[in-house]
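**Student:** Each residue of the sequence shown is one higher than the one before, starting from 1 at the first, in full-length UniProt numbering.
Here a beta-carbon is modelled for each residue, glycine too, at the ideal position from N, C-alpha and C.
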Amino acid sequence: MLPDPGRARRRLALLSARARRTLPGAGLRRGCLFVHLPKCGGTSLTAGLAGTVPLTRKLGAVDAIATRRAAALLAFGVDDPWLCHEELDHGAHSFALREGLALTHLAAGAPLVYGHVLVSELLLQAALRQGHGLVTMMRDPRARALSNYRMAVRAGVIPDDLDLWLDGPVGLRMGRQMLRYLSGHPDPARIDAPETALRIALERLERFALIGFLETPQPFLDGFAAAFGARPALPRLNRGGGVRLDLTAAQARKLETLIEPDRIIHARALALHPGTASARRARRALRSGPSGAPA
Numbered sequence: 001m002l003p004d005p006g007r008a009r010r011r012l013a014l015l016s017a018r019a020r021r022t023l024p025g026a027g028l029r030r031g032c033l034f035v036h037l038p039k040c041g042g043t044s045l046t047a048g049l050a051g052t053v054p055l056t057r058k059l060g061a062v063d064a065i066a067t068r069r070a071a072a073l074l075a076f077g078v079d080d081p082w083l084c085h086e087e088l089d090h091g092a093h094s095f096a097l098r099e100g101l102a103l104t105h106l107a108a109g110a111p112l113v114y115g116h117v118l119v120s121e122l123l124l125q126a127a128l129r130q131g132h133g134l135v136t137m138m139r140d141p142r143a144r145a146l147s148n149y150r151m152a153v154r155a156g157v158i159p160d161d162l163d164l165w166l167d168g169p170v171g172l173r174m175g176r177q178m179l180r181y182l183s184g185h186p187d188p189a190r191i192d193a194p195e196t197a198l199r200i201a202l203e204r205l206e207r208f209a210l211i212g213f214l215e216t217p218q219p220f221l222d223g224f225a226a227a228f229g230a231r232p233a234l235p236r237l238n239r240g241g242g243v244r245l246d247l248t249a250a251q252a253r254k255l256e257t258l259i260e261p262d263r264i265i266h267a268r269a270l271a272l273h274p275g276t277a278s279a280r281r282a283r284r285a286l287r288s289g290p291s292g293a294p295a
C-alpha cells in the first residue's frame with residue numbers, strides 16, 4: 001500500500017513544529033490536559049497543540065480508535081473497533097482504559113496529555129498535582145449534536161434515522177457530551193441522578209484554566225499563548241460534511257430537550273470565559289444565572 005501523501009505532509013509539519021519548540025523557552029511553559037469534546041474542533045486543535053511540545057519531550061496522546069480496540073480485547077477478548085465504541089452500549093470500557101492511559105502519561109511527565117477522556121475526580125486531581133492546566137474547546141450544543149449525528153451516520157456507527165436517534169440511548173449519549181465529559185459519567189443514557197451529574201459538571205468548569213469556543217478560535221489561541229507560553233497553530237484537518245439536516249418542529253423540540261443539560265453547561269462556560277467568546281454571546285451568558293436560566 002502506498003503511503004498517504006497528506007498524512008506524510010502533516011507528520012512532517014508536526015515534526016518541524018516540534019523541532020522549533022526544542023529551542024530554549026520555545027515550548028509549553030506549563031503542562032496541559034486537553035479534554036477533547038467530540039465535534040468541537042479538537043482533532044484539528046490537538047494537531048496544533050502537539051506542535052507546541054519539543055521533540056525532546058513525551059507526547060501524551062490517548063488515541064480513540066486504539067483504545068476502543070484494546071478495550072474490546074480486555075473486556076471481551078476480541079479485536080473489534082465497534083464493540084466498545086463510546087456511543088454504544090459498552091463504551092464505558094473504552095473510557096476506563098483512556099483514564100488509565102491519561103494517568104500513565106501524567107505520571108510519565110508528559111507536558112501535553114490529550115484525547116477523548118472524561119474528567120473524573122481522580123484524573124482532575126492528578127492533573128492539578130502535576131501542575132497541568134485543564135483546557136477544552138466547546139461549540140453551540142445544537143450544532144455540535146447534529147454534527148455528531150452526521151459523523152456517526154457516515155462512519156456506519158448508527159443508521160440514518162433521526163427519529164430513532166432522538167428517541168434512543170445513542171441520542172442521549174451524543175446530545176449530552178458536555179454533561180458526560182465534565183461529570184465523568186461514561187453513559188448519559190444510564191445516569192440515575194441527572195441533577196447531580198449536572199451540578200458536578202458545572203463545578204468542574206470552575207477548575208479549567210481555559211475554555212475556548214469553536215465559533216471564535218482566535219481569542220482561544222491568544223488565551224492559550226498567555227496561559228501556557230506557546231501559541232498553537234490551528235490547521236483545518238477535520239472538515240465536516242454531509243447533507244444539511246432539516247428538522248421538523250417536533251424533531252427540533254425533541255432535540256432541545258435532549259441537549260438541555262449541555263445548553264446550561266455551555267452558557268456557564270461562556271460566562272466563565274467571556275474573553276474567548278464573542279462579545280454578543282458572552283453578554284448573553286452573563287445575563288444568565290448559574291443554572292443557565294435567566295437570573
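Helix or strand or just coil, what does DSSP make of THR67?
**Tutor:** The residue you call residue 67 lines up with position 67 of the sequence shown. Correct three-state label for THR67: helix.
**Student:** Give me the residue from ALA110, HIS185 and TRP165 with the minimum Cα distance to LEU122.
**Tutor:** If you number the sequence shown from 1, residue 122 lands on position 122. Nearest option by C-alpha distance: HIS185.
**Student:** Assign ARG129 to one of two classes, buried (16 or more other C-beta atoms within 10 Å of its C-beta) or exposed (fewer than that).
**Tutor:** What you label residue 129 is simply residue 129 of the sequence shown in a count that begins at 1. By the 10 Å Cβ count, ARG129 comes out exposed.
**Student:** Check whether the Cβ atoms of VAL119 and ALA102 sit closer than 8 Å, and answer yes or no.
**Tutor:** Translated into positions along the sequence shown, residue 119 becomes position 119. Translated into positions along the sequence shown, residue 102 becomes position 102. No, these two residues do not count as a Cβ contact at 8 Å.
**Student:** Closest by CA to HIS273, which one among LEU255, ALA70 and THR216?
**Tutor:** The residue given as residue 273 occupies position 273 in the sequence shown. Answer by Cα proximity: THR216.
**Student:** Counting C-beta neighbours from all protein chains within 10 Å, is the total for VAL78 16 or more, i.e. buried, or is it exposed?
**Tutor:** Residue numbering aside, residue 78 sits at position 78 when the sequence shown is read from its first letter. The residue is exposed, with fewer than 16 neighbouring Cβ atoms inside 10 Å.
**Student:** Kindly indicate which three-state DSSP category VAL170 falls into: helix, strand or coil?
**Tutor:** To locate residue 170, count along the sequence shown from 1; it is residue 170. In this structure, VAL170 counts as helix in the three-state DSSP scheme.
**Student:** Determine the direct distance from the alpha carbon of VAL117 to that of ARG180, and round the result to whole angstroms.
**Tutor:** Mapped onto the sequence shown, residue 180 falls at position 180. Mapped onto the sequence shown, residue 117 falls at position 117. Roughly 10 Å separates the two Cα atoms.
**Student:** For GLY229, which of ARG18, ALA8, ALA26 and ARG10 has the nearest alpha-carbon?
**Tutor:** As a position in the sequence shown, residue 229 is number 229, starting the count at 1. Looking at the Cα atoms, ALA26 is the closest of the given residues.
**Student:** Looking at the strands, I want to know which residues DSSP matches up with LEU112.
**Tutor:** Here residue 112 is taken as the residue at index 112 of the sequence shown, counted from 1. Answer is CYS32 and LEU59.
**Student:** Are the beta-carbon atoms belonging to ARG199 and ASP262 less than 8 Å from one another?
**Tutor:** On the sequence shown, position 199 is the one that residue 199 refers to. On the sequence shown, position 262 is the one that residue 262 refers to. Contact flag unset, no.
**Student:** Taking the alpha helix (DSSP H) that GLY184 falls in, what are its first and last residues?
**Tutor:** By one-based count along the sequence shown, residue 184 stands at place 184. Note, GLY184: premise wrong, no alpha helix (DSSP H); not H, not E.
**Student:** Following the continuous beta strand (DSSP E) through GLY100, name the residue where it begins and the one where it ends.
**Tutor:** Residue 100 sits at position 100 when you count from the first residue of the sequence shown. That residue, GLY100, is in no beta strand (DSSP E); its alpha helix (DSSP H) goes 91 to 107.
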